[in-house]
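Undergrad:
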Amino acid sequence: MTPVRVRFAPSPTGPLHIGGVRTALYNYLLAKKTGGTMILRIEDTDQTRFVPGAEEYIKEALEWIGITLDESPWHGGPHAPYRQSERKPMYMQYAMQLLESGNAYYAFDTSEELDEMRTRLEAAKVPDPKYNSISRMEMKNSITMPEDEVKAWLEAGKPYVIRLKVPRKEEVRINDLIRGWVMVHSSTLDDKVLMKSDGMPTYHLANVVDDYLMKITHVIRGEEWLPSAPTHVLLYKFLGWETSMPQFAHLPLLLKPDGNGKLSKRDGDMGGYPVFPIEWNDKATGAVFMGFRESGYLPEATLNFLSLLGWNPGTQEEIFSMEKLIETFTVERIGKSGSKFDIQKAKWFNQEYLKMMPNETMAAFLAAELKKKGVELESSKLVRICALLKERVMFLKDLPNEATYFYQTPTSYDAELWAAKWNDEAKLVATEWKKALETETNFVAEQIKHHIHDITEKNGIKMGKVMQAMRLAMTGVGAGPDLMQIIEIIGKVETLKRLGNVV
RNA sequence: GGUCCUAUCGUCUAGGGGUUAGGACAUCUCCCUUUCACGGAGGAAACAGGGGUUCAAUUCCCCUUAGGACUACCA
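Residue numbers (our numbering): 112 to 614.
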C-alpha cells in the first residue's frame, strides 16, 4: 500500500462541527492505514471571518477524539507554514502564471457592478446568472479593456481581483473515489475569483496550490465541495499539475435526525443533544454549544459512533477501537448517501464502552467527582460500587448521582412508593432484620440475605412483597442494584442506622 | 430556477439478476429477577413509483418523484 498524504483543512471560523471531525477521521484512518501522513492545514484566507479560539478548539477536539497529526501549524513539518494566511506570499506567483498562460484575467468590477450584472441577467431570464465566458465580455476586466488601460489601472492601485478564465466549451471530468466519474460542462462553471482584492487567494486557488506544494495524494472532504471540484480540476490542468493531481473523495453529509437538511448548530440546541465534539462558548453572542465531551460521551464511543456514519466494514461487527478502524477502514466502503444523525445510537455506544471500562478507571472518576462534593470513600469500596453501577448508567457523569445512597443516609423516601409498599409487614420485617443484623459478625451479602429470608419465611411473608420496602428504607429510591450487595458495601453501622430510621 | 449528488425496515446499514432481503439502534412481547438496569428469547418493521433489458429485477438502464449540496472578492 502506497503511503498517502492527506490533509484536513478546516477554517477557523468557529467550533468544528461533528461532521468535520468525521472528515478528519476518515483522512486520518487512510493515512494510518497506509503508513502515510496526516496533515492539518488552517484555511484562514478570509480574514473577516476569523474567530479567536477556533484554532485551539480544532486542536483540542482532534486530540480528544484521538486523531494525531503528523504535520500541522502546531507541530510544524517539511511544508510549513500550515496556515494559509502565513503562506500568503506564495500564491500570487501561481496567479501570475495563470495570467501569463491566458487562463486567468484581472477584473476591476465593484460589488455594485457585479450586483447590476446579476440583476440584468436575471431580468433577461438567464437561467443561471454568473460571471462567465459570456458575461465577462460586458464587464470591466483585462479581457475587455485595452492593455495599456489595464496597466494604468493596476499602476494606479485600483482594486482588482484575478479570475479564472473558464473555457467556454469543455467537458470537465473528475473521477471521485466514492462517486465514480462525474462530468460537468465548463459552461455551467463560473469565472471564480482566484485572488481577492485584499491580496489573499480564495479557497479555490489556495487549496489547489497548497495541496500541490504539500504533495497531497488524496483529498477527502465533504460533499459540499463536489460542485467546485471541476474548477479545481481546471486549475490543476492550467497550472500544469495534472499528473500530480490528488485523488478526490467527496464524503456524504451528516443530516438532521428528523426532517431533512444537513445537520446544523441549531439542531443540537433544539434536540438537546450535542453536534460538536467539545463545548464551545461563543464569545460574540454568549451562546454555549454543547459538546459530546461535556455531555458525557466517551471519546472512544464518539469515535466509534462517528466512524460508522457513512462507512461500514461489511461485516456485522460494530465495536471499533481506533486501532481496529485503521486496520479495517477502506475508502471503497464509504457510502454515497447522507446519514441522519441518530443520537440514540451514540448513547448505545457510550453504554457499551462504559460496560467495557475497568471498574478501577470508573472508580477513579467517581472518586474525583465525589471529592468535589466533599465525600471520600475508600477506593476498594468505590470499585465495588462501580462494578454494581456500571451497567445501569448511560454516562459517566450519572455515576455520582446514581451512587448517592452509598454515601448518604436517605433524607427522604420516594413518596409514591412509600405509600404503596410500606405497611405493617414491611415494618415487622425491617424491625426483625435490624435485630438480626445487629448481632451478625460476618456482614456479607449472603448472610444479610440469609437473615431476611429466615424472617420472611418465619412470618409467612413472601420476600418479594417486602423487598421493595426494604430497598426504599435503605436507599430512599425504588431502583438500584442488588440490595444485599448495597447493604454489604454500606456496612453494618450505617445499615442499622438506616433501618432504625424507619422502624 | 440552474448544476451536481443521492435513494433497502423509523434510524445506521449488509446484500445483490433467482435470498425466508441479513445485522445493529430504537420500539413491542415474553423470560430472568427483590426493583430498575443488564442479559436471554421472540415479534413488528424496508428494496420510492413507472417504464425498459431479461426466462427472471429490489439488484442493470432510462424517466418520474423525493431528498440533499452548491450557486460570494466564505470556506
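All C-beta atoms in this analysis are idealised placements derived from N, C-alpha and C, irrespective of residue type, glycine included.
1. To the nearest angstrom, report how far apart lysine 538 and valine 614 are at their CA atoms.
2. Pull up the distance between the alpha-carbon of tryptophan 422 and that of valine 117, whole angstroms please.
3. Any idea if proline 511 is buried or exposed, counting beta-carbon neighbours within 10 angstroms, 16 or more meaning buried?
4. In chain order, what residues of the same chain have a beta carbon less than 7 Å from the beta carbon of leucine 374, not counting five sequence neighbours either side?
5. I need the straight-line Cα distance from glutamate 353 to arginine 404, nearest angstrom please.
6. Short of 8 Å in beta carbon distance, which residues of its chain neighbour phenylalanine 161, apart from the five on each side in sequence? Order them along the chain.
7. Entirely within the region 468 to 514 and at least 4 residues each: give me those alpha helix (DSSP H) ranges in chain order.
8. Taking 8 Å as the limit between beta carbons, can you name the residues of its chain near proline 192, skipping five residues before and five after?
9. Among all the DSSP beta bridges, which residues are the ones paired with glycine 291?
10. Quick one: which unbroken alpha helix (DSSP H) runs of 4-plus residues sit fully inside the region 395 to 474? Chain order, please.
11. Quick test of your reading: leucine 594 and methionine 574, contact by CB under 8 Å. State the CB separation rounded to the nearest angstrom.
12. On the three-state DSSP scale, how would you describe serine 375?
13. Helix or strand or just coil, what does DSSP make of isoleucine 331?
14. Please classify glutamate 182: does DSSP put it in a helix, a strand, or coil?
15. Could you give the C-beta distance for leucine 305 and leucine 316, rounded to a whole number, given that I count them as a contact under 8 Å?
16. In three-state DSSP terms, what is tyrosine 216?
17. Just to confirm before moving on: does the CB-CB distance between methionine 578 and arginine 609 stay below 8 Å?
18. Between valine 588 and the rest of its own chain, which residues show a CB-CB distance below 6 Å, the 5 nearest in sequence each way excluded?
19. Nearest-angstrom Cα distance between threonine 542 and lysine 576?
20. Would DSSP call proline 200 helix, strand or coil?
21. I think glutamate 549 touches histidine 562, with their Cβ atoms under 8 Å apart; what is that distance to the nearest whole Å?
22. Considering only their Cβ atoms, is the gap separating leucine 507 from glutamate 476 smaller than 8 Å?
23. Along the beta strand (DSSP E) that carries methionine 149, what are the first and last residues, could you check?
24. May I ask you to verify whether the region 126 to 144 touches the region 160 to 179, counting CB pairs closer than 8 Å and requiring at least 3?
25. Is it true that the CB of arginine 290 sits closer than 8 Å to the CB of histidine 361?
26. Spatial neighbours of glutamate 182 within its chain, please: C-beta separation below 6 Å, excluding the five flanking residues on both sides.
27. What would DSSP say about methionine 306, mapped onto helix, strand or coil?
28. Which value, in whole angstroms, describes the spacing of the CA atoms of isoleucine 430 and threonine 522?
29. Could you tell me the distance, in whole angstroms, from the CA atom of alanine 340 to the CA atom of arginine 377?
30. On the DSSP bridge assignment, give the partners of glycine 187 in chain order.
31. Just tell me which of Thr439, Met433, Glu434 has its CA closest to the CA of proline 424.
32. Identify which residue in Met228, Tyr314, Val283 has its Cα closest to the Cα of glutamine 158.
33. For glycine 213, does the count of other Cβ atoms within 10 angstroms reach 16, so buried, or fall short, so exposed?
34. State the DSSP-derived secondary structure class of histidine 562, mapped to helix, strand or coil.
35. How close, in whole Å, do the beta carbons of methionine 505 and glutamine 455 come, if the pair is a contact with beta carbons under 8 Å?
36. Assuming isoleucine 273 is part of the beta strand (DSSP E), what are its boundary residues?
TA: Per the coordinate set shown:
1. Position 427 of the first sequence, counted from the first residue, corresponds to residue 538. Position 503 of the first sequence, counted from the first residue, corresponds to residue 614. Their backbone Cα atoms lie some 6 Å apart in a straight line.
2. Position 311 of the first sequence holds residue 422. Position 6 of the first sequence holds residue 117. Cα to Cα, the separation comes out at about 18 Å.
3. Within the first sequence, the letter at position 400 stands for residue 511. When all chains shown are included, proline 511 counts as buried.
4. As a first step, residue 374 is located in the first sequence; it is residue number 263 there, counting from the start. Gly130, Leu365, Leu366, Lys367, Val386, Phe452, listed in sequence order.
5. Numbered from 1 along the first sequence, position 242 holds the residue referred to as residue 353. Numbered from 1 along the first sequence, position 293 holds the residue referred to as residue 404. Distance between the alpha carbons of glutamate 353 and arginine 404: 42 Å.
6. Reading the first sequence from its first residue, position 50 is the one you call residue 161. Answer for phenylalanine 161: Pro123, Thr124, Asp155, listed in chain order.
7. 470 to 483, 490 to 500, 510 to 513
8. Working through the first sequence from its first residue, we reach residue 192 at position 81. Pro184, Arg198, listed in sequence order.
9. One-based indexing of the first sequence puts residue 291 at position 180. BP columns for glycine 291 point to Asp287.
10. 403 to 406, 410 to 418, 433 to 439, 454 to 467
11. Here the question's residue 594 lines up with position 483 in the first sequence. Here the question's residue 574 lines up with position 463 in the first sequence. With a Cβ gap of about 11 Å, leucine 594 and methionine 574 do not count as contacting.
12. Translated into positions along the first sequence, residue 375 becomes position 264. Correct three-state label for serine 375: coil.
13. Here residue 331 corresponds to residue number 220 of the first sequence, with the count starting at 1. DSSP places isoleucine 331 in strand when its eight states are reduced to three.
14. Taking the first residue of the first sequence as 1, we reach residue 182 at position 71. Strand.
15. Residue 305 sits at position 194 when you count from the first residue of the first sequence. Residue 316 sits at position 205 when you count from the first residue of the first sequence. The pair is a contact, with the Cβ atoms about 4 Å apart (cut-off 8 Å).
16. The residue you call residue 216 lines up with position 105 of the first sequence. DSSP places tyrosine 216 in strand when its eight states are reduced to three.
17. By one-based count along the first sequence, residue 578 stands at place 467. By one-based count along the first sequence, residue 609 stands at place 498. Cβ distance not < 8 Å, so methionine 578 and arginine 609 don't count as in contact.
18. Here residue 588 corresponds to residue number 477 of the first sequence, with the count starting at 1. Excluding residues within five positions, the ones whose Cβ falls inside 6 Å are Asp525.
19. Looking up residue 542 in the first sequence gives position 431. Looking up residue 576 in the first sequence gives position 465. Between threonine 542 and lysine 576, the C-alpha separation is close to 16 Å.
20. In the first sequence, residue 200 corresponds to position 89, counting from 1. Proline 200: helix per DSSP, three-state reduction.
21. Numbered from its first residue, the first sequence carries residue 549 at position 438. Numbered from its first residue, the first sequence carries residue 562 at position 451. About 10 Å separates the two Cβ atoms, so there is no contact after all.
22. Counting from one through the first sequence, the residue named residue 476 turns up at place 365. Counting from one through the first sequence, the residue named residue 507 turns up at place 396. Strictly speaking, residue 476 in this sequence is phenylalanine, with glutamate absent from that position. The answer is yes: Cβ separation under 8 Å.
23. Walking along the first sequence from the start, residue 149 turns up at place 38. 148 to 151 is the span of the beta strand (DSSP E), which, as asked, contains methionine 149.
24. yes
25. Walking along the first sequence from the start, residue 361 turns up at place 250. Walking along the first sequence from the start, residue 290 turns up at place 179. Contact: yes.
26. The count along the first sequence starts at 1 and reaches residue 182 at position 71. So the qualifying residues of the chain are Ile150, Gly188.
27. Position 195 of the first sequence, counted from the first residue, corresponds to residue 306. In this structure, methionine 306 counts as strand in the three-state DSSP scheme.
28. One-based indexing of the first sequence puts residue 430 at position 319. One-based indexing of the first sequence puts residue 522 at position 411. Those two C-alpha atoms are separated by around 42 Å.
29. Working through the first sequence from its first residue, we reach residue 340 at position 229. Working through the first sequence from its first residue, we reach residue 377 at position 266. Distance between the alpha carbons of alanine 340 and arginine 377: 28 Å.
30. Numbered from 1 along the first sequence, position 76 holds the residue referred to as residue 187. BP columns for glycine 187 point to Ser183.
31. Start at 1 with the first residue of the first sequence, and residue 424 comes out as number 313. Comparing Cα positions, the closest option is Thr439.
32. Position 47 of the first sequence, counting from 1, holds the residue named residue 158. Checked all of Met228, Tyr314, Val283; the closest Cα to glutamine 158 is Tyr314.
33. Taking the first residue of the first sequence as 1, we reach residue 213 at position 102. Classification of glycine 213: exposed, given that the 10 Å Cβ count is below 16.
34. For the purposes of this step, residue 562 is taken as residue 451 along the first sequence, with counting starting at 1. Helix at histidine 562.
35. On the first sequence, residue 505 is found 394 positions in, with the first residue counted as 1. On the first sequence, residue 455 is found 344 positions in, with the first residue counted as 1. Rounded, the Cβ-Cβ distance is 11 Å, inconsistent with contact.
36. In the first sequence, the residue the question calls residue 273 occupies position 162. Isoleucine 273 -> beta strand (DSSP E) spans 272 to 275.
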